[in-house]
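Asks:
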Amino acid sequence: TQLLEQSPQFLSIQEGENLTVYCNSSSVFSSLQWYRQEPGEGPVLLVTVVTGGEVKKLKRLTFQFGDARKDSSLHITAAQPGDTGLYLCAGPYSSASKIIFGSGTRLSIRP
Amino acid sequence: DAGVIQSPRHEVTEMGQEVTLRCKPISGHNSLFWYRQTMMRGLELLIYFNNNVPIDDSGMPEDRFSAKMPNASFSTLKIQPSEPRDSAVYFCASSLSLTGELFFGEGSRLTVL
Numbered sequence: 001t002q003l004l005e006q007s008p009q010f011l012s013i014q015e016g017e018n019l020t021v022y023c024n025s026s027s028v029f030s031s032l033q034w035y036r037q038e039p040g041e042g043p044v045l046l047v048t049v050v051t052g053g054e055v056k057k058l059k060r061l062t063f064q065f066g067d068a069r070k071d072s073s074l075h076i077t078a079a080q081p082g083d084t085g086l087y088l089c090a091g092p093y094s095s096a097s098k099i100i101f102g103s104g105t106r107l108s109i110r111p
Numbered sequence: 112d113a114g115v116i117q118s119p120r121h122e123v124t125e126m127g128q129e130v131t132l133r134c135k136p137i138s139g140h141n142s143l144f145w146y147r148q149t150m151m152r153g154l155e156l157l158i159y160f161n162n163n164v165p166i167d168d169s170g171m172p173e174d175r176f177s178a179k180m181p182n183a184s185f186s187t188l189k190i191q192p193s194e195p196r197d198s199a200v201y202f203c204a205s206s207l208s209l210t211g212e213l214f215f216g217e218g219s220r221l222t223v224l
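Chains as they are written, first to last, in this note's numbering: chain D, 1 to 111; chain Y, 112 to 224.
#1: Does DSSP put D:R110 in a helix, a strand or coil?
#2: Mind pulling the beta strand (DSSP E) runs of 3 or more residues that sit fully within the segment 148-221 of chain Y?
#3: How would you call D:L4, buried or exposed, if buried means at least 16 neighbouring beta carbons within 10 angstroms?
#4: So Y:F185 packs on Y:V115, CB below 8 Å; how close in whole Å?
#5: Along the segment 130-153 of chain Y, what residues have a CB closer than 7 Å to any CB found in chain D?
#6: Taking any Cβ of chain Y, which residues in the segment 36-60 of chain D have a Cβ under 9 Å from it, in chain order?
#7: Give the residues of chain Y in contact with D:L88, contact being defined as C-beta atoms less than 9 Å apart.
#8: Do D:R36 and D:Y93 come within 7 Å of each other at the CB atom, strictly closer than that value?
#9: Mind the definition here: the segment 170-181 of chain Y touches the segment 189-208 of chain Y only if three or more C-beta pairs lie below 8 Å; say whether that holds.
#10: If you measure beta-carbon to beta-carbon, which residues of the segment 96-109 of chain D are closer than 7 Å to chain Y?
#11: With a 10 Å radius around its C-beta and 16 neighbouring C-beta atoms as the bar for buried, classify D:S26 as buried or exposed.
#12: Beta carbons nearer than 8 Å to chain Y: which residues of the segment 66-92 of chain D have them?
#13: For the beta strand (DSSP E) containing Y:E122, name the first residue and the last one.
#14: Suppose contacts are defined by Cβ-Cβ distances below 7 Å. Is D:T48 in contact with D:S73 by that definition?
#15: Quick check on D:G85: does DSSP put it in helix, strand or coil?
#16: Is DSSP giving D:R69 helix, strand or coil here?
#17: Rank D:G53, D:D83, D:K98 by C-alpha distance to the C-alpha of D:P111 and give the top, closest one.
#18: Going by C-alpha distance, which of Y:P119, Y:S142, Y:V130 is nearest D:I99?
#19: Please classify Y:G139: is it buried, with 16 or more other beta-carbons within 10 angstroms of its beta-carbon, or exposed?
#20: Would you mind sorting D:G102 into buried or exposed? The rule is 16 or more other CB atoms within 10 Å of its CB.
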């Protein structure tokens, strides 16, 4: 059982479309991180959200942390082929002593 | 600036052989993590160190797995004996703190035949 459930698992959309991916948990997290991983590489941090209800923007990417700090979403506006990759949410677990990862959303943007 | 360096990038071995994966964390980072990634199970935390001391190895699947961090600039993950189900990409990551931004290496892809 994953502590952090991500949905959808796979998403393939046309360039220019908008999309939202989700990260959900039954547990409260003090913060959540979003990473992107490209083939043959390790994950790279995109953003960390800390406060319930917080919204952070990174160019065309908008990240939101749920009010209860149990969920987060990533919205991409006007997706581009360069957005293709595996998107992972992660958070500190077990008395905030280690980072665990969600199951991931594999995103493919068709030109 | 050098990132996290892992070796080897690829390893193909036969069942029963010993495998040693190596990691050099970013200088100044106090925390080091070993993760394993597979399509079925995603990214799993195996073990992590803080200031060279193992903090939690509850993610290590079996006694066949062991990890050491003899100094601040080097860590190893050893599998002995290896089995086909150990085939995965093994990532090392380092961080300034246990819950801070993780900086990952490029991974070691292990195939056990």
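Where is the CB? At the ideal position from N, CA and C, for every residue including glycine.
Only a predicted model underlies this, so the values are computations on that prediction, with no experimental measurement involved.
Replies: So, to answer that:
#1: strand
#2: Runs of the beta strand (DSSP E) inside the segment 148-221 of chain Y: 153-161, 164-167, 176-182, 185-190, 199-206.
#3: buried
#4: Not really, about 12 Å apart at Cβ, beyond 8 Å.
#5: G153
#6: Q37, G40, E41, G42, P43, V44, L45, T48
#7: Within 9 Å of the CB of D:L88, the CB atoms of chain Y belong to G153, L154, in sequence order along the chain.
#8: no
#9: As far as the Cβ criterion goes, the segment 170-181 of chain Y touches the segment 189-208 of chain Y, which means the pair count is three or higher.
#10: Within the segment 96-109 of chain D, the residues whose Cβ lies closer than 7 Å to some Cβ of chain Y are A96, S97, K98, I99, I100, F101, S103, G104, listed in chain order.
#11: exposed
#12: L88, A90, P92
#13: Unbroken beta strand (DSSP E) run through Y:E122: 121-124.
#14: no
#15: Residue state for D:G85 is assigned as strand, using DSSP reduced to three classes.
#16: In the structure shown, D:R69 sits in coil (DSSP, three-state: anything other than H, G, I, E or B).
#17: Per the Cα distances, D:D83.
#18: Y:S142 is the residue among Y:P119, Y:S142, Y:V130 whose C-alpha sits nearest the C-alpha of D:I99.
#19: exposed
#20: Under this definition D:G102 is a buried residue.
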